[in-house]
Amino acid sequence: MRTTAATLAFGLSSAFAQSSPVLQPAAAPEQGGKLPADFAWGTATAAYQIEGGWNADGRGPSLWDYFSHRYPNNVNGGKNVTYDFKTGLGGGSDYLEHNADEADLSYYYWKNDIDLIKKLGAPSYRFSMSWTRLFPDGHARRAADGKWNVNPKGLKYYDSLVNALIEADITPFVTMVHWDLPMNLHSEYGGWLGYQMQDDFKNYAHFLFEHFGDRVKHWITFNEPWVSCFLGFQINSKAPWRYGPPNNATEDPLSGPSYEIGPTQYTPESKVLPANRPQQPLEALWCSHNLLNAHAKAQQVYRTHFAAQNALVGLTVDGEMSVPWQEPNTTAEQLASNTHYADLANIFRISWYADPLVYGDYPPEIKERVGSDMPVFTEEQKALLKGSVDFLGWNAYTGHWAEQARSANGSYIPPSTTKSYATAQVDIWHDNCRGRDASYNCLPPRIGAQGGSSWLIKYPKAIRVGLNWLWNRYSGNIPHGLYITENGASQPNAKVAAPNDTVTADFWAALGENPADYLYGPDEIESEFNVTSLVDDTFRQKFFADYLEQVRLTVTVDGIPLKGYFAWSLMDNFEWEDGYTTRFGMSYVNFTDPERVRHPKGTFSAVSSWFAANKAYGSKAPIPTIASPSAPAVLAASVGAASGAAHVAASVASAFLVLATAATLA
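Okay, here's the thing in structure tokens:
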């Protein structure tokens, strides 16, 4: 069954309308129950962010190795930070660098990671494998004698890790590529801009299935393809930082965009890209197109050659769930319009990737607006893509408001009559400040409390609304359901913080919400000069408390087939363009310590205790965790009842459940 575009749009509109605190009073708290015994939960990491050993034992360079070395100013931190965590004094060793050359040194201390997961009591662990640690040049080849050209030391590392996890009764969930594409493939043909990438990834996946498939039963081909393509090839915040005119020079040799893709890429003789080589503004679209086809080819390999392994192959999308902008004077007509635009924002961010994997083609809403700029799948590609995910992962952190964009004078901007990528979203406002005219007032109120990353706003309802939105669109077409493959928070810090934001709190109070849910004090701001603030992470503990309660209600009240949840992250690590200046870990890591000892924060015990209290374990009791007296109390209040701010998401979920049944066609 498939929900048609028309019924889906009507259904979403109805769902959001019913959920509005303006139009509907708060619902009574919901009880629900415990998560089922087979619910997978754990924590997550990524190879480049934690492993270190960037050139050890034959590992080849990835995109992030090369570009963080060549353009170090694209990564925050570096030599300007001189605080010494060992002594607690300023002016000590320069512990921060612009790269993950060492990071958490998990390549050497992976046994410590497993010990940490055991202490957490988590039955599952999501991690990624470094493509270039296994195949340094990115080309996975099998010789005539059947042997692969794999790096034996890299293979030994992952064999040891996987085997030790299984021995510890921890289920591995393996991501094949978490943004760390082999640099050699980028140099040869532009990486994801080259159609050759599809087969190179297929061959890599073939090896992983063949060698690890007897032990790994949950595969994720790609993590957040939108980030790889749109942030890497258009918005210019992730490697390879491509944005600007096609040349190989920058004004600043240490920062800015890079154009190093191949000497013939933009010449008529180039065979690197398809015949209709895209203009540079369209590179993100072609990156996405090749990535989706690569996933489909990998799944075909699995189903053709390895189906007897009984594993599941999925993909993880990201996307901050957009919800309709509303304020006390919002009319029903305005809310209906805002709901339409929230739906469009989610389709452009999430369904761009999920629709092809489920239904075999791009969403009609996107094709209609982008027009001839949109890449087109062949019929053969559509057949491979359709139904090519056994499960869908979603990295859920935050939410955004959405409405029709306005001009400086507040008037609505109409949809463009030109069908192109450049004009496709001119009328969609999909953030509190992004997408509106610069002179339009888009300061607070925020949709929630500001976290420690500019993009991260604490909005717990987003995870429940988003899971219902996903299942309403894809119900019955993803056989093994949904997973939250990342969820977590960076503490407010010196770079990004908004303590006691009374504008936001008063705004939500006027809508009938508890203003305390949108406030935090200066004492919750993390400081690199105060280790206590790094470990006593009360903002993060509250974040997990509220989000996990929404997860519980999604499963036990709404009946959404959410099969698992992974907290990001096991420990502090290299946070991409933020370097080591932003921490998401449930464990504190001192990056001047040569052994990178992992020190559990308050959140560590809090999350462990929450699952011990809120998940059914059958005959198998949860593993006891370490003591952290103050932390569990933060989460304990959520057990057995919805948080005070849950009524909006609860009514959204109920509406979605009705619509998911009524709005589908046989």
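With mature numbering (1 follows the signal peptide of the UniProt record, and there is no 0) applied, the sequence shown corresponds to residues -17 to -1, 1 to 649, in that order. Backbone N, C-alpha and C fix where the C-beta goes; we use that ideal spot for every residue, glycine too.
Nearest candidate by alpha-carbon position, reference residue 534, set 493, 451, 523, 172: Walking along the sequence shown from the start, residue 534 turns up at place 551. Answer by Cα proximity: 451.
Going along the chain, which residues of its own chain have a beta-carbon closer than 7 Å to the beta-carbon of residue 489, five neighbours each way excluded? Looking up residue 489 in the sequence shown gives position 506. For residue 489, where only same-chain residues beyond five positions count, the Cβ hits under 7 Å are 498.
Nearest-angstrom beta carbon gap, residue 41 and residue 119 [assumed within contact, 8 Å]: Locating residue 119 in the sequence shown gives position 136, where the first residue counts as 1. Locating residue 41 in the sequence shown gives position 58, where the first residue counts as 1. Indeed, because the Cβ distance is near 6 Å, the residues count as touching under 8 Å.
Starting from residue 383, trace the beta strand (DSSP E) both ways and give me its first and last residue. Locating residue 383 in the sequence shown gives position 400, where the first residue counts as 1. Residue 383 -> beta strand (DSSP E) spans 382 to 387.
Taking the CB atoms as reference points, tell me whether residue 111 and residue 160 lie closer together than 9 Å. Reading the sequence shown from its first residue, position 128 is the one you call residue 111. Reading the sequence shown from its first residue, position 177 is the one you call residue 160. In this structure, residue 160 lies closer than 9 Å to residue 111 by Cβ.
6 Å CB neighbourhood of residue 69 in its chain, flanking five on each side removed: As a first step, residue 69 is located in the sequence shown; it is residue number 86 there, counting from the start. Confidence at residue 69 is low in this model, with a pLDDT of 38, below 50, so its placement is unreliable and the value that follows should be read with caution. These residues qualify, in order along the chain: 575.
Mapping DSSP to helix, strand and coil, what is residue 52? By 1-based counting over the sequence shown, the position of residue 52 is 69. Looking at residue 52 - three-state DSSP - the assignment turns out to be helix.
For the alpha helix (DSSP H) that contains residue 188, what are its first and last residues? Here residue 188 corresponds to residue number 205 of the sequence shown, with the count starting at 1. 179 to 195 is the span of the alpha helix (DSSP H), which, as asked, contains residue 188.
Determine, using beta-carbon pairs with one atom in the segment 209 to 224 and one in the segment 181 to 201, whether at least three such pairs fall under 8 Å. no
Got a sec: does the ligand PLP put a non-hydrogen atom nearer than 8 Å to the Cβ of residue 337? The ligand PLP is not part of the structure shown, which contains no ligands of any sort.
Following the continuous alpha helix (DSSP H) through residue 456, name the residue where it begins and the one where it ends. As a first step, residue 456 must be located in the sequence shown, where it is residue number 473. Segment 444 to 457, the alpha helix (DSSP H) holding residue 456.
Apart from the five residues on each side of it in sequence, which residues of its chain come closer than 7 Å, Cβ to Cβ, to residue 427? Residue 427 sits at position 444 when you count from the first residue of the sequence shown. Only 484, 486, 487 meet the Cβ criterion.
Residues that residue 572 bridges to, as DSSP identifies them: Here residue 572 is taken as the residue at index 589 of the sequence shown, counted from 1. The partner list for residue 572 (beta bridge, DSSP) reads 581.
Nearest-angstrom beta carbon gap, residue 549 and residue 20 [assumed within contact, 8 Å]: Taking the first residue of the sequence shown as position 1, residue 20 is located at position 37. Taking the first residue of the sequence shown as position 1, residue 549 is located at position 566. Not really, about 18 Å apart at Cβ, beyond 8 Å.
Determine the direct distance from the alpha carbon of residue 267 to that of residue 244, and round the result to whole angstroms. Working through the sequence shown from its first residue, we reach residue 244 at position 261. Working through the sequence shown from its first residue, we reach residue 267 at position 284. Residue confidence for residue 244 is low, a pLDDT of 42 falling below 50, so the modelled location carries little weight; the figure read from the coordinates is stated next. Each residue's alpha carbon lies about 14 Å from the other.
DSSP bridge partner residues for residue 598 (one or two, in chain order): Taking the first residue of the sequence shown as position 1, residue 598 is located at position 615. 18.
Between the alpha carbons of residue 367 and residue 190, how many angstroms are there, rounded? What you label residue 367 is simply residue 384 of the sequence shown in a count that begins at 1. What you label residue 190 is simply residue 207 of the sequence shown in a count that begins at 1. Near 20 Å, if we compare the C-alpha coordinates of residue 190 and residue 367.
Counterpart residues of residue 110 in DSSP-defined beta bridges: Looking up residue 110 in the sequence shown gives position 127. Beta-bridge pairing links residue 110 to 157.
Span of the beta strand (DSSP E) around residue 377: Taking the sequence shown and counting its residues from 1, one reaches residue 377 at position 394. Element bounds for residue 377: 374 to 378.
For residue 513, which of helix, strand or coil comes out of DSSP? The residue you call residue 513 lines up with position 530 of the sequence shown. Reduced to three states, the DSSP call for residue 513 is strand.
Sufficient close CB pairs (3 or more, under 8 Å) joining the segment 438 to 447 to the segment 79 to 89: no
Comparing alpha-carbon positions, which option in 545, 547, 572 lies nearest residue 555? The count along the sequence shown starts at 1 and reaches residue 555 at position 572. The option with the nearest alpha carbon to residue 555 is 572.
Check whether the Cβ atoms of residue 552 and residue 32 lie closer than 9 Å to each other. Taking the sequence shown and counting its residues from 1, the one referred to as residue 552 is at position 569. Taking the sequence shown and counting its residues from 1, the one referred to as residue 32 is at position 49. Yes, they are a contact pair.
Give me the residue from 193, 301, 269 with the minimum Cα distance to residue 216. Reading the sequence shown from its first residue, position 233 is the one you call residue 216. For the residues 193, 301, 269, the minimum Cα distance to residue 216 belongs to 269.
What distance in whole Å lies between the Cβ atoms of residue 321 and residue 386, which are believed to be in contact at a cut-off of 8 Å? Along the sequence shown, read from residue 1 onward, the residue named residue 386 stands at position 403. Along the sequence shown, read from residue 1 onward, the residue named residue 321 stands at position 338. With 8 Å as the limit, residue 386 and residue 321 qualify as a contact, their Cβ atoms being about 4 Å apart.
At the level of alpha carbons, what is the spacing between residue 570 and residue 581? The residue labelled residue 570 in the question sits at position 587 within the sequence shown. The residue labelled residue 581 in the question sits at position 598 within the sequence shown. When rounded, the distance between both Cα atoms is 6 Å.
Taking the CB atoms as reference points, tell me whether residue 353 and residue 402 lie closer together than 9 Å. Reading the sequence shown from its first residue, position 370 is the one you call residue 353. Reading the sequence shown from its first residue, position 419 is the one you call residue 402. Yes; because the gap between Cβ atoms is below 9 Å, this pair is in contact.
What number of angstroms, rounded off, separates the C-alpha of residue 543 from the C-alpha of residue 143? Mapped onto the sequence shown, residue 543 falls at position 560. Mapped onto the sequence shown, residue 143 falls at position 160. Cα-Cα distance, rounded: 36 Å.
Residue 284 versus residue 296: straight-line alpha-carbon distance, rounded: The residue you call residue 284 lines up with position 301 of the sequence shown. The residue you call residue 296 lines up with position 313 of the sequence shown. One C-alpha to the other measures close to 11 Å.
Quick check on residue 96: buried or exposed, where buried means 16 or more other Cβ atoms within 10 Å of its Cβ? The residue labelled residue 96 in the question sits at position 113 within the sequence shown. Buried: at least 16 other Cβ atoms inside 10 Å.
Using 9 Å as the limit for Cβ to Cβ distance, is residue 581 near chain B? Looking for chain B here will not work: only one protein chain is present.
Could you have a look at residue 141 and say whether DSSP puts it in helix, strand or coil? The count along the sequence shown starts at 1 and reaches residue 141 at position 158. Note: residue 141 maps to helix in three-state DSSP.
Taking DSSP's pairing of strands, which residues face residue 465 in a bridge? Here the question's residue 465 lines up with position 482 in the sequence shown. BP columns for residue 465 point to 375, 545.
Chain-order list of residues whose beta-carbon lies under 7 Å from that of residue 122 (same chain, five-residue window excluded): As a working mapping, residue 122 is identified with position 139 in the sequence shown. Hits under 7 Å: 183.
Closest residue to residue 206 among 351, 25, 185, 163 (Cα-Cα distance): Residue mapping note: residue 206 aligns to position 223 of the sequence shown, counting from 1. Closest by alpha carbon: 163.
Might you give, ordered along the chain, the residues of its own chain that have their beta carbon closer than 8 Å to the beta carbon of residue 410, omitting 5 neighbours on each side? Position 427 of the sequence shown, counting from 1, holds the residue named residue 410. If we look at residue 410 and ignore the five residues flanking it on each side, its Cβ neighbours are 324, 387, 388, 395, 396, 397, 398, 399.
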